[in-house]
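As structure tokens, the structure follows; a few thoughts come after it.
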Amino acid sequence: VFETTVVYSPQVHHKFEVIVLMYDVTESIRMKKMEKDFINNASHELRTPITSISGFAETLLDGAKDDPEKLNQFLTIIKTESDKLVGLTNDILTMSKISDRGENLKDVNLKDYVDNQIQFMQSEIERRNLIVENNIPADLVKKVNENDLFQIVKNLLTNAIEYNHDGGQVIFEYRESKRHWKLIVRDTGIGIPEDQREFIFDRFYRVDTSRSRTKMGGTGLGLAIVQEAAKHMGGKAIVDSNEDHGTAFIVRLPLEN
Ligand code: ADP
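Using full-length UniProt numbering, read the sequence shown as starting at 183 and increasing by one per residue.
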């Protein structure tokens with residue numbers, strides 16, 4: 183898409199000169215549309231739990247609070263929806279912060295870093311009887327933006343747990359090529375249907391909410407955050423999935439950072 187400006191120069195020696203300036207505004211139109219879509223989607227996603235909280239609170243005030251069973255049931259819903267709202271606002275804030283976070287480069291031992299995050303999810307891992315293997319070499323130190331790495335590992339690990347079968351496996355691997363290093367997170371979970379794969383990095387995209395193992399489910403922003411963080415570090419996240427056999431997410435990052 184081009185925007186054109188026509189500039190007439192004054193008549194010199196009985197000749198007209200016309201200068202046409204053409205600007206390629208495709209990217210800026212795309213960015214504006216993405217921003218608008220994001221705000222639309224975010225408002226919609228926020229409105230659902232807010233409407234539900236407000237509705238159940240009103241029903242309680244209208245008299246349902248006097249029935250202990252209803253009181254408990256409705257308060258539980260209000261709590262669940264509030265937690266959803268907290269998760270959603272956190273993700274939306276993360277999303278908008280990634281691009282202006284600046285270079286916060288730090289030396290990080292990759293294996294230890296991943297181990298810490300696994301530790302953080304330990305109770306969920308045990309509850310689901312999962313086996314999590316960290317096959318990253320022990321003495322590997324990487325210069326990374328720690329905020330970005332945090333988002334990548336946290337979201338990929340959470341998904342590998344969430345969309346796994348009970349008793350399944352999650353494996354972290356490290357690969358290196360001439361110019362890139364790769365962090366690979368593999369799971370033996372439910373996989374992603376082929377026709378859905380191109381959309382999963384889109385903001386708010388969820389394949390099918392009923393596939394999620396936890397009651398609360400996610401926000402549909404996790405993989406969009408992973409992709410933004412990978413791009414922020416000069417790399418890219420891609421997916422490789424075989425429905426029924428599991429999924430692998432590969433985050434490819436430049437070697438010299
Ligand atoms: P969500 O909050 O729904 O988990 P994400 O952006 O993290 O949002 O993921 C988008 C969708 O991609 C999810 O709804 C899920 O269907 C699918 N997905 C993500 N990770 C996996 C995985 N490891 N295995 C199977 N499906 C996955």
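We put the beta carbon where it would ideally sit given N, CA and C, even for glycine.
Contacts around Lys397, its chain only, beta-carbon distance under 6 Å, and the 5 residues preceding and following it disregarded: Translated into the one-based positions of the sequence shown, residue 397 becomes position 215. Per-residue confidence for Lys397 stands at a pLDDT of 41, beneath the threshold of 50, marking its modelled position as unreliable; the derived number appears in the next sentence. Nothing meets the Cβ criterion.
The ligand MN heavy atom lying under 7 Å from the CB of Arg388: As far as ligands go, the structure on display features the ligand ADP and does not contain the ligand MN.
Leu437 versus Glu209: straight-line alpha-carbon distance, rounded: Translated into the one-based positions of the sequence shown, residue 437 becomes position 255. Translated into the one-based positions of the sequence shown, residue 209 becomes position 27. Distance between the alpha carbons of Leu437 and Glu209: 28 Å.
For Thr258, three-class secondary structure by DSSP: For the purposes of this step, residue 258 is identified with residue 76 of the sequence shown, where counting begins at 1. Correct three-state label for Thr258: helix.
Identity of the residue in Asn346, Val335, Ile420, Glu355 nearest Asn311 by Cα: What you label residue 311 is simply residue 129 of the sequence shown in a count that begins at 1. Checked all of Asn346, Val335, Ile420, Glu355; the closest Cα to Asn311 is Asn346.
CB of Val352 within 8 Å of CB of Phe431, strictly: On the sequence shown, position 170 is the one that residue 352 refers to. On the sequence shown, position 249 is the one that residue 431 refers to. Result no, Cβ atoms of Val352 and Phe431 do not sit closer than 8 Å.
beta-carbon residue 441 near the ligand ADP non-hydrogen atom, thresh 7 Å: What is shown of the chain runs 183 to 439, which leaves residue 441 out entirely.
Lys279 in three-state terms, based on DSSP: For the purposes of this step, residue 279 is identified with residue 97 of the sequence shown, where counting begins at 1. In the structure shown, Lys279 sits in a helix (DSSP, three-state: H, G or I).
Residue ranges of each beta strand (DSSP E) within the stretch 279 to 358, 3 or longer: 287 to 291, 313 to 316, 323 to 327, 351 to 358
The ligand ADP heavy atom lying under 7 Å from the CB of Leu312: To locate residue 312, count along the sequence shown from 1; it is residue 130. Checking the Cβ of Leu312 against the ligand ADP gives no.
Reference Thr186, options Glu315, Val207, Phe198, Lys197, closest by Cα: Within the sequence shown, numbered from 1, the residue matching residue 186 stands at position 4. When only C-alpha atoms are compared, the closest one is Val207.
Assigned exposure category for Gln333 - 16 Cβ within 10 Å defines buried: Within the sequence shown, numbered from 1, the residue matching residue 333 stands at position 151. So Gln333 ends up on the buried side.
When Ala246, Glu199, Ser264 are compared against Thr233, the one with the closest alpha-carbon: Residue numbering aside, residue 233 sits at position 51 when the sequence shown is read from its first letter. It is Ser264.
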